[in-house]
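Each residue of the sequence shown is one higher than the one before, starting from 1 at the first, in this note's numbering. Each residue gets a CB set at the ideal place from its N, CA and C atoms; glycine is no exception. These figures come from a predicted structure and were not determined experimentally. Have a look at the structure below before the remarks.
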Amino acid sequence: MAPQPNGPDEAQIRKRHESKALEGIGIFRRRERARARETARVWAEQEIAHVRQQLADQRMQWQSALDERWRQLCSNQPDVVLETLAEAFDDNEAPAAAVGVTGGEVALAVLVPGTDAVPSRYPSLTEAGNVSLRQTPKKLAAAFYAQMVCGYALVTIREAFAVAPALSSARIVAVRLSEPDAYGQSRLECMLASRITRAALDGVKWADADAATVINDVSSELLVSQKGAAKNMFPLDLTREPELAALVASIDPSDLHTDG
């Protein structure tokens, strides 16, 4: 709903008209001053009514524009969906961007941190019950990182579905910046690619299921590379995924609020 505009300053309008009407009329000319005040009152009420009507018309125009915007959003007009998602993602902790809309499906990208975001130590208890900080085991660190990547993807998809109610599905790539090459340049590495429908999220026990479990269970398509006994995540090899490679190549790192 369009907000209600602030009403006119009625006291100021009445005071202005009365001051104008009383100009040149001495304080002892009471009848003339009374007639002038009455005339000023009529003029003031007319101006107040006029301003109120202008504000009402302005609010109707605002509401009409909002209604049209909502209609376009609910019909998945690409430009409107992309603008709406850009506004929604702008203040996210996880930098994200919508890179395309086709019918009821949106293509999303989210930037995830590298493995250095996983703490090297974690709190635990000794046999005596004392708190200690232990070295994070490789398997646990890999699990933490996988949960983080999946969590970033899920948060982005859920926000997209929340602000664009007509979207029926989303494709998302979770990307990270590679280590700089010999020229000091980093590129985007794809760590996860998933397609999730809105319907698939119905009934998910968000308070109980972890992010990796949700991603695995609700994705209609899922690409992720985990290797070794620790199940470390590795960048996807996109040589046999031309469409996915094109999507990643189309992402401008600046759209994800990076310095890359």
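Buried or exposed by the 16-neighbour rule on C-beta atoms within 10 Å, applied to residue i
| i | result |
| --- | --- |
| H17 | buried |
| N130 | exposed |
| D259 | Here D259 scores only 48 on pLDDT, less than 50, and its place in the model is too uncertain to base an answer on. |
| P95 | buried |
| Y183 | exposed |
| A128 | exposed |
| V42 | exposed |
| S132 | exposed |
| I27 | exposed |
| S168 | exposed |
| C190 | buried |
| S64 | exposed |
| S75 | exposed |
| T126 | exposed |
| A34 | exposed |
| S19 | exposed |
Through-space distance from residue j to residue i, alpha-carbon basis
| i | j | result |
| --- | --- | --- |
| V173 | E243 | 12 angstroms |
| A86 | A97 | 6 angstroms |
| L82 | S178 | 27 angstroms |
| E105 | A49 | 49 angstroms |
| A199 | F161 | 11 angstroms |
| D9 | G24 | 26 angstroms |
| A170 | G103 | 11 angstroms |
| R187 | P180 | 8 angstroms |
| D90 | A153 | 16 angstroms |
| V175 | T197 | 20 angstroms |
| A36 | P165 | 59 angstroms |
| V163 | R69 | 13 angstroms |
| Q185 | C150 | 26 angstroms |
| L55 | D79 | 30 angstroms |
| Q135 | A142 | 13 angstroms |
| R59 | T239 | 54 angstroms |
| N232 | G114 | 12 angstroms |
| P235 | L66 | 42 angstroms |
| Y122 | Q147 | 16 angstroms |
| R30 | G7 | 33 angstroms |
| V112 | D57 | 47 angstroms |
| S284 | Q4 | This structure leaves residue 284 out entirely; the chain is present only between 1 and 260. |
| A21 | Q53 | 24 angstroms |
| L192 | D208 | 22 angstroms |
Per DSSP, cross-strand counterpart(s) of residue i
| i | result |
| --- | --- |
| V173 | A109, A193 |
| S329 | The structure shown does not extend to residue 329, since the chain is modelled only from 1 through 260, so no value can be given for it. |
| K227 | N232 |
| E18 | Answer is none; E18 lacks a bridge partner. |
| E221 | R195 |
Extent of the continuous alpha helix (DSSP H) to which residue i belongs
| i | result |
| --- | --- |
| N216 | 211–218 |
| R240 | Where R240 is concerned, there is no enclosing alpha helix (DSSP H), given that its DSSP letter is neither H nor E. |
Heavy atom of the ligand SAH within 8 angstroms of residue i beta-carbon
| i | result |
| --- | --- |
| N76 | Absence of the ligand SAH from the depicted structure is noted, as is the absence of any ligand whatsoever, leaving it without description. |
Interface flag, residue i vs chain B, CB-CB below 9 angstroms
| i | result |
| --- | --- |
| V112 | The structure shown contains no chain B, having only a single protein chain. |
*What are the complete alpha helix (DSSP H) segments, minimum 4 residues, inside the stretch 53–140?*
Whole alpha helix (DSSP H) segments, 4+ residues: 78–89.
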